[in-house]
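Participant:
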Amino acid sequence: MIRMKTLMIGLGLVGCLGLLQAQEGARGGAAQTWWVHKTKGGIYPPPMRPLWKLADLKKMHAGQNNWSEQIIKDPEQDATYNSAAPGTKFPRRLHPDTHNIYVIIAGEMRFTIEGQQPVTATRGSIVNVLKSTIFSYEVAGNQNALWVDVSPNNYKTVYPSDDPQPAPLAGTEVIKVSFNHAVPAYAPPNQVQWNLFEAAAKCNQAGAKVNEDHLFANPLYGFADPNDPLNTCAAAAADGGARGGRGGRGGGGAGGRGAAPAAAFNPNSTFGHMHAGPAEWWIVQVGHISGQFENTGEFLAEEGDVLYAAPMTWHQMGFQGPGPSCRLAMGGYSLINMNNTGGQ
1163 MIRMKTLMIG
1173 LGLVGCLGLL
1183 QAQEGARGGA
1193 AQTWWVHKTK
1203 GGIYPPPMRP
1213 LWKLADLKKM
1223 HAGQNNWSEQ
1233 IIKDPEQDAT
1243 YNSAAPGTKF
1253 PRRLHPDTHN
1263 IYVIIAGEMR
1273 FTIEGQQPVT
1283 ATRGSIVNVL
1293 KSTIFSYEVA
1303 GNQNALWVDV
1313 SPNNYKTVYP
1323 SDDPQPAPLA
1333 GTEVIKVSFN
1343 HAVPAYAPPN
1353 QVQWNLFEAA
1363 AKCNQAGAKV
1373 NEDHLFANPL
1383 YGFADPNDPL
1393 NTCAAAAADG
1403 GARGGRGGRG
1413 GGGAGGRGAA
1423 PAAAFNPNST
1433 FGHMHAGPAE
1443 WWIVQVGHIS
1453 GQFENTGEFL
1463 AEEGDVLYAA
1473 PMTWHQMGFQ
1483 GPGPSCRLAM
1493 GGYSLINMNN
1503 TGGQ
């Protein structure tokens, strides 16, 4: 949470990641401005980087079917990119205090989650496992599965003692403990599984799908060209899609849809918006997404890639190319967009 008493650099507060809509003051009024202490943007301590490309991950793990790569480990979240061959099984486990989400990039995965019907997850799926819930999963189908596993930082995993004892992690010993667990219920918008492509076929893809303690996921779906012949859900796609900063960028500059072409992008300038504290990052679920990051540069990502805007970094995102694009906006919270004030 950002405490109001810390806000000290002039910025426009016109949006909230959870709502994905501009909030102009009190509905039609002038946007409010604030002061915030800003530190240097574009700082990426490993393993974070502006762009993790799936193609590069595959090269790093060439010849391996089963692998896991840490891509994010910041104060809020712990995320790994994973691959496993069909038939690979992950035994029963439980996170006692934290929720856990799986974003499926390719292949087929089957989840057995306490209190839920069996889940089959494929490309475009988000599987949401609540804290204090026993679950297991395996890779099915005829191709390797690829997925991003996201938890709050410093999460812990325990295993039922009537299953085989797990191997100890480095620097630990495995001991037996005792506690009772109760399976919580899903509160909207949270649900056990959601699939982008199933939702888009019904034009109901908009809105946050995960909003829990230290976990937030919101698919931002749309088209670079609102007149794209594949844009059969124009009204739904425009929600967060046809405005600068949230979807397509008119003319490639800081303006919104239809803005006049701007000068070449300068990463050392002020543009877009930022978040004062936690990072915002995105998993590209389909199509192509551009990301402009302060002091860093401009990056083009495609399906399966991961983009990351470090804390306090001016950034601006956009849909690119023909056909639909979707970036799954991720973070520890539903973040306020602190817009640049254009020198005002």
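Here my numbering runs 1162 ahead of the position in the sequence shown, where the first position is 1. Positions of the beta carbon are idealized from the N, C-alpha and C atoms, including for glycine.
#1: Tell me whether the beta-carbon of residue 1479 lies closer than 8 Å to the beta-carbon of residue 1436.
#2: Could you tell me whether the Cβ atoms of residue 1473 and residue 1377 are closer together than 8 Å?
#3: Determine which residues share a DSSP beta bridge with residue 1254 and list them.
#4: Is the beta carbon of residue 1269 sitting closer than 8 Å to the one on residue 1456?
#5: In the DSSP assignment, what are the bridge partners of residue 1481?
#6: Any idea if residue 1293 is buried or exposed, counting beta-carbon neighbours within 10 angstroms, 16 or more meaning buried?
#7: Could you round the C-beta distance between residue 1502 and residue 1432 to whole angstroms and report it? I think they count as a contact, below 8 Å.
#8: Under 7 Å from any heavy atom of the ligand MG, does the C-beta of residue 1249 make it?
#9: Under DSSP, the alpha helix (DSSP H) around residue 1221 begins and ends at which residues?
#10: Can you tell me which of 1476, 1488 and 1485 puts its alpha carbon nearest to the alpha carbon of residue 1504?
#11: For residue 1393, decide whether its Cβ has a neighbour in chain C, counting only Cβ atoms nearer than 8 Å.
#12: Out of 1194, 1211 and 1254, which has the shortest C-alpha to C-alpha gap to residue 1460?
#13: Residue 1401: buried (16+ other C-beta within 10 angstroms of its C-beta) or exposed?
#14: To which residues does DSSP link residue 1496 through a beta bridge?
#15: Can you look up residue 1146 in the DSSP assignment and give me helix, strand or coil?
#16: Mind the definition here: the region 1236-1244 touches the region 1487-1500 only if three or more C-beta pairs lie below 8 Å; say whether that holds.
#17: Between which two residues does the beta strand (DSSP E) containing residue 1378 stretch?
#18: Considering just the uninterrupted stretch of the alpha helix (DSSP H) at residue 1359, what are its terminal residues?
#19: Tell me the rounded alpha-carbon separation between residue 1259 and residue 1327.
#20: Closer than 8 Å by C-beta to residue 1308: which residues in its own chain qualify, once you throw out the five before and the five after it? Chain order, please.
#21: Considering only the alpha carbon of each residue, which of 1285, 1196 and 1263 lies closest to residue 1295?
#22: Give the range of the beta strand (DSSP E) segment to which residue 1284 is assigned.
#23: Please list, in chain order, all residues of the same chain as residue 1449 whose beta carbon is under 8 Å from its beta carbon, the five residues on each side excluded.
#24: With DSSP as the reference, label residue 1347 as helix, strand or coil.
#25: Looking at residue 1374: is its Cβ nearer than 8 Å to the Cβ of residue 1352?
#26: Short of 7 Å in beta carbon distance, which residues of its chain neighbour residue 1325, apart from the five on each side in sequence? Order them along the chain.
#27: Out of 1391, 1392, 1362 and 1387, point me to the one whose CA is closest to residue 1381's CA.
#28: Is residue 1407 helix, strand or coil by DSSP?
#29: Since residue 1443 and residue 1462 should fall inside the 8 Å C-beta cutoff, what is the C-beta to C-beta distance between them, to a whole number of angstroms?
#30: Within 10 angstroms of the Cβ of residue 1301, are there 16 or more other Cβ atoms? Answer buried if so, exposed if not.
#31: Give the single residue among 1192, 1191 and 1196 whose Cα lies nearest to the Cα of residue 1498.
#32: Taking all protein chains shown into account, decide if residue 1233 is buried (16 or more other Cβ within 10 angstroms of its Cβ) or exposed.
#33: Determine the contact status of residue 1283 and residue 1355, defining contact as a CB-CB distance below 8 Å.
Facilitator: The relevant details are as follows:
#1: No, the pair does not count as a contact, with Cβ atoms beyond the cut-off.
#2: Contact flag unset, no.
#3: Answer is none; residue 1254 lacks a bridge partner.
#4: no
#5: Beta-bridge analysis with DSSP links residue 1481 to 1451.
#6: Burial call: buried.
#7: About 5 Å separates the beta carbon of residue 1502 from that of residue 1432, a gap short enough to meet the 8 Å contact definition.
#8: Although the ligand MG was asked about, the structure shown includes no ligands whatsoever.
#9: 1216-1222
#10: 1476
#11: Absent from the structure: chain C. Only one protein chain is present.
#12: 1211
#13: The predicted position of residue 1401 is uncertain, since its pLDDT is 43 and thus under 50; a value taken from the coordinates is nonetheless stated next. Counting Cβ neighbours within 10 Å, residue 1401 comes out buried, since at least 16 surround it.
#14: DSSP output for residue 1496 lists no bridge partner at all.
#15: Shown here, the chain extends from 1163 to 1506; a query on residue 1146 therefore has no answer.
#16: yes
#17: For residue 1378, the enclosing beta strand (DSSP E) begins and ends at 1377-1385.
#18: Secondary structure note for residue 1359: its alpha helix (DSSP H) is the uninterrupted segment 1358-1363.
#19: When rounded, the distance between both Cα atoms is 21 Å.
#20: 1216, 1243, 1244, 1245, 1266, 1267, 1268, 1269 and 1466
#21: 1263
#22: 1281-1284
#23: 1464, 1465, 1481, 1482, 1483, 1485, 1486, 1487 and 1488.
#24: coil
#25: yes
#26: 1253 and 1254
#27: 1362
#28: Any reading at residue 1407 needs caution, since the residue's pLDDT is 36, under 50, leaving its predicted position unreliable; the model's value is listed next. Of the three classes helix, strand and coil, the one that applies to residue 1407 here is coil, per DSSP.
#29: The pair is not a contact, with the Cβ atoms about 16 Å apart (cut-off 8 Å).
#30: Per the 10 Å Cβ criterion, buried.
#31: Put simply, of 1192, 1191 and 1196 the residue whose alpha carbon is nearest the alpha carbon of residue 1498 is 1196.
#32: buried
#33: yes
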